[in-house]
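There are 2 protein chains.
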Amino acid sequence: MTADKIFEALSSAPRRRILAFLSKTDMTAGEIVARFSGIMSQPAISKHLSVLENSGLVWREKRGQNVHYGLRPDALAGTLVQFLAQVCPRSRPFRRDSAAAAKRKKES
Amino acid sequence: MTADKIFEALSSAPRRRILAFLSKTDMTAGEIVARFSGIMSQPAISKHLSVLENSGLVWREKRGQNVHYGLRPDALAGTLVQFLAQVCPRSRPFRRDSAAAAKRKKES
DNA sequence: TGACTATATAACGTTATAGTTATATAGTCA
DNA sequence: TGACTATATAACTATAACGTTATATAGTCA
Chain V
2 MTADKIFEAL SSAPRRRILA FLSKTDMTAG EIVARFSGIM SQPAISKHLS
52 VLENSGLVWR EKRGQNVHYG LRPDALAGTL VQFLAQVCPR SRPFRRDSAA
102 AAKRKKES
Chain C
2 MTADKIFEAL SSAPRRRILA FLSKTDMTAG EIVARFSGIM SQPAISKHLS
52 VLENSGLVWR EKRGQNVHYG LRPDALAGTL VQFLAQVCPR SRPFRRDSAA
102 AAKRKKES
């Protein structure tokens, strides 16, 4: 779950598209494959999913014959916000939010 | 300055390091090369810089014999915040900031 | 002009990525 | 068990990325 792996995972348009799908709802591998029907093969999607899981951006759970995937929002937001805070002066206001989110989490 | 090019640019650790340098101050190509002394050659840095410029994350200006580089903070924050808003439910609060920043800019 | 400095480009090898098809694995159900 | 479905893995090809060294370009200055 290093920043390295996360940025690497984000560098692919199909993977970002998968993340966008998963942001709406968890999905099985098959459902995701269906969204790429005619565009990309099942094994290709399977590999993208494993890159995403390996980056820590996504979880994976086998249920019966299906494999469910879902977003880990904290991994994404955490890495990007941290990076923005480091690199982008204009983003400093975000630190406030980020700190507030951490506090909310701690208190919950 | 597409999201594609920006994420591609961000996928490299040396390039992220360069961005971090530039977030503190503008620098000449030579100064950046010096920071990678013993790690990476001058031509390698030159290529990273051209990827960064091509992505729109960085500007470039020739002054005399030197070439100065600097961050374009809006390009970075814009793309990442937009992406976060799309993909990451937890990040919705950020939209507020993003809207506020846009307003500030408009009014200035 | 000629020597020097700063930066970019060319040409090249190596490794990584992204896709393909074919096949293996594992779960379901009659 | 046997047929079927869902997913992953293997083996492969093509292309792109990243680094290197050598060289070109363009600006400075004596």
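Residue numbers (the numbering used here), protein chains in the order written: chain V, 2 to 109; chain C, 2 to 109. Positions of the beta carbon are idealized from the N, C-alpha and C atoms, including for glycine.
- Taking every protein chain shown into account, the CB of Thr26(V) has fewer than 16 other CB atoms within 10 angstroms, so this residue is exposed.
- For Leu81(C), the neighbours in chain V by C-beta distance under 9 Å run, in chain order, Leu81, Val82, Phe84, Leu85, Cys89, Ser92.
- The residue from Ala30(V), Arg18(V), Ile7(V), Asp5(V) with its alpha-carbon nearest to that of Glu62(V) is Ala30(V).
- A distance below 7 Å between beta-carbons, with the five flanking residues on each side excluded, links Leu11(C) to the following residues of its chain, in chain order: Arg17.
- At least 8 Å separates the beta-carbon of Gly57(C) from that of Ala78(C).
- Taken through DSSP and simplified to helix, strand or coil, Arg61(C) comes out as strand.
- With a cutoff of 8 Å on beta-carbon distance, Ile7(C) and Phe22(C) are scored as not near each other.
- Around the beta carbon of Met28(V), 16 or more other beta carbons lie within 10 angstroms, which makes this residue buried.
- Separation of Val52(C) and Ile19(C) (C-alpha to C-alpha, rounded to the nearest whole angstrom) is 11 Å.
- Ranking Glu9(C), Met2(C), Glu54(C), Thr3(C) by CA distance to the CA of Asp5(V) puts Glu9(C) first.
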